[in-house]
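These notes are about the structure you will find just below.
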Amino acid sequence: MQELTGAAELAERSVGVIARRLRANLRPPLAAELRGARTFDWRADLAAGATVALLTVPQCLGFALIVGLPLDVVLGTAVIGAVVCTVFSSSRHLVFGPTNTISILLAGAVFSLGDVPLTPLEKVLLIGMLVGAFQLAAGLSGTGRLARFVSRPVVLAYTTGVGVLIAASQLSHLLGIGRSSDVTLPGTIRHLVISLLTWDLHWVTLLVGLGSLALLLVLRRWRPAWPEGLIVMLLAAVVFKFAHERLPGVMLVGGMDELQFLPHWVGLPLNLEGLALVPRIVATALAIALLGMLEAVSIAKSLAARSGQRIDPDQELIGMGAANILCSAFGAMPGSASFLRSAANLQSGARSRLATVLSCSLIPVLVFALSPLLASIPVATLAAYLVLIAFRLLNPRQVTVVRRSTRSDAAVFWVTLGSTLFLPPDTAIYIGVGLSVGLFLQKASEPSLVEYAVDETGALRAAPARADVPPQISIVHVEGDLFFGAADPFHDQVRQLAAEERIRVVILRLKNARLIDASTVLSLLQLREFLHGGGRHLLLSGVMPPAMRVLRESGALAELGEENVFVAEENPTVSTKRALQRAQALLGAAQPEVRLFYDTLPAPAGAQ
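The letter at position 395 of the sequence shown is residue 400 when you use our numbering, and the numbering goes up by one with no holes.
Put into structure tokens, the structure is as follows:
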């Protein structure tokens, strides 16, 4: 009965925690912000929203080309997804929508699922539903902060690889070369080289592509505040709308007759065929969810550093999760936070989340007004714009910093970059994350010992390599993480220090030790048995309340003896002084010889 009562109380507390979290996180920040909006805020937000809308339309055209889906599928993400994410986002300037990285992941997933009897759109919608479910669950469970454990070299390497892949995939459109059936990077490069060597080019398309790229670069340098992508595409569309018959062979975007300007409900893809596909796409959906989490948190933090906002990573995940689920239900691809559109939103003077909502309402109007021209945009011009976007993903300065920082950072970067270029994109993410975590655990599990002694004045100084007279009491200061990965090296090194026969008492000072777990407790008990077998003693000082709770609940405190464990106090030396008094009592000596060791374990990521 007691066990059932305890389980019921635990379940009741858990339900209460979940309910409080739902009430806190599902309260839309946008509603509170709109209640305090002022007139001039609306004007500033409208101007920023118009700028972002002008930037979004040409990007959606490019992403549709990458994924191989109709334009309205991508536009739905920029409209439906952006509004939903903005409602729940903690950032005033974050803009959700289709992105380069998500597009390349989806393109790879659709290609790998060629044997599945579903349309590409059905596959994308099913992946999007799972992505949203993963992100929403992570946000509600409070695991959004785990994003900080994925190192920056992983994200930088993946972004760099995606930029290279996008540029390589669009070179055939840019240069007027027939597209290769082999979409891998080696196959694409081989096809491009053979086509160039044999002059298998469409010269008019080549001139259109290179001319568009040159005009984009000139506008970018001459008028950086202008939406160069939209301007160049509209100019090319005007030319080819009236001169296409005189310039045969140039491929146009087309397909605007079937464009649906207003999003519509299509329902969640939960039929039998879709459910049977779930096991094959879970890994891809999880990779997209993880990458989206990393992008959103990093972008939101970079914007907050400039605007002074306070960001909640879990709230961002909730917004993205809800957005991706509704995108799937409305027939749109999954999305993530866009750095380019978010930065444009901030730089254009957006004062609130209302700017994103206004931008989303302007996008269908803009597409409807320009649809006669959008169909006449040359694919080569669109490819030139995508190549320019791809090169903006490259950050040579950050690559140099990562490459020169540490060997482990450089290794993580190069391995992740190589995996992104030559393996499926989702696999590259897992390899990079696994390698970075593995290298961190290797660092954290290798404690280093620095020996200190007390001189005649009572001050600590570096002890000589070999002391002439071995001490009777050894004090080991422990700092860092004593988790399972560091427990065995810690145990072995302390045993080596206590190997001298004259050492009768070992005092472990644990005031600055963290993450004490079962492995640490077992190591302490084994160390106590080793010392006790030789008639020697183990004392613990500076034990913090969390560590004391672990020792008590595990039963180790009773085995060690409460009289041999000293809790940390406000004065950092009191606990160690009492441990020394206990050691003197055990030795029956008034002035035993003492040697101190300073055991330094690597601090966790982000610790100062």
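From the three backbone atoms N, C-alpha and C, an ideal C-beta is built for every residue, glycine too.
Across the structure, Val92 and Arg358 are spaced so that their CA atoms are roughly 8 Å apart. For the pair Ser413 and Gly297, the Cα-to-Cα distance works out to about 25 Å. Between Gly81 and Ile330, the C-beta gap is not smaller than 9 Å, which leaves the two residues out of contact. In the DSSP assignment, no residue is bridged to Ser177.
Here Ala385 is actually not in contact with Ser117; their C-beta atoms are around 28 Å apart, not less than 8 Å.
Between Arg397 and the set Thr106, Gln140 and Leu70, the nearest pair of CA atoms involves Thr106. Rounded to whole angstroms, the gap between the alpha carbons of Ile382 and Val209 is 14 Å.
Residue Leu591 holds the alpha-carbon nearest to the alpha-carbon of Ile478 among Leu591, Gly279 and Ala292.
Boundaries of the beta strand (DSSP E) around Ser546: His542 to Val548. Distances from the alpha-carbon of Leu70 to those of Ala172, Val420 and Leu206 put Ala172 closest. Remark: C-beta atoms of Ala389 and Leu215 approach each other more closely than 9 Å. Linking Leu197 to Thr189 through their CA atoms gives a straight-line distance of about 12 Å.
DSSP places Phe418 inside the alpha helix (DSSP H), whose first and last residues are Arg412 to Phe427.
In its chain, beyond the 5 residues on either side, Leu239, Ala242, Val243 and Lys246 have a beta carbon closer than 8 Å to the beta carbon of Leu378. When Gly147, Lys516 and Thr411 are compared, the shortest CA-CA separation from Arg157 is found for Thr411. Residues of the same chain with a CB within less than 7 Å of the CB of Leu176, apart from the 5 flanking positions on each side, are Leu197 in chain order. In the DSSP annotation of this structure, the continuous segment of the beta strand (DSSP E) that includes Phe571 starts and ends at Val570 to Val572.
The C-beta of Glu278 has fewer than 16 other C-beta atoms within 10 Å across all chains shown, which makes the residue exposed. Under the 10 Å beta carbon count, Ala334 is surrounded by 16 or more other beta carbons and is classified as buried. Counting only runs that start and end inside the stretch 373-409, the alpha helix (DSSP H) elements of at least 4 residues fall at 384-397. At a Cβ-Cβ threshold of 9 Å, Glu564 and Leu532 do not count as neighbours.
Under the criterion of beta carbons closer than 8 Å, Ala305 and Ser96 qualify as touching, at roughly 4 Å. According to DSSP, Phe68 shares a beta bridge with no other residue. Per DSSP, Met256 lies in no alpha helix (DSSP H) segment and is marked neither H nor E. Closest option to Val160, judged by alpha-carbon separation, among Asp50, Ser303 and Ala114: Ser303.
By the neighbour-count criterion, in which 16 or more other beta carbons inside 10 Å mark a residue as buried, Ala112 falls on the buried side. The straight-line gap separating the alpha-carbon atoms of Leu273 and Leu131 is approximately 8 Å. With respect to the C-alpha of Ala58, the residue from Leu543, Gly566 and Ser353 having the closest C-alpha is Ser353. Distance from the Cα of Leu387 is smallest, within the candidate group Met256, Ala360 and Cys365, for Met256. Contact between Leu515 and Val483 holds, since their C-beta atoms are separated by about 5 Å, short of 8 Å.
Cβ neighbours of Leu345 within its own chain (closer than 8 Å, five residues either side excluded): Leu60, Gln64, Ile394 and Arg397. A straight line joining the alpha-carbon of Leu126 with that of Asp522 spans about 48 Å.
A straight line joining the alpha-carbon of Leu543 with that of Gly593 spans about 16 Å. Counting along the chain, the unbroken alpha helix (DSSP H) around Met325 starts and ends at Pro318 to Ala334. For Arg346, the three-state secondary structure derived from DSSP is helix. Residue pairing for Ser341: DSSP places it in a beta bridge opposite Gly102.
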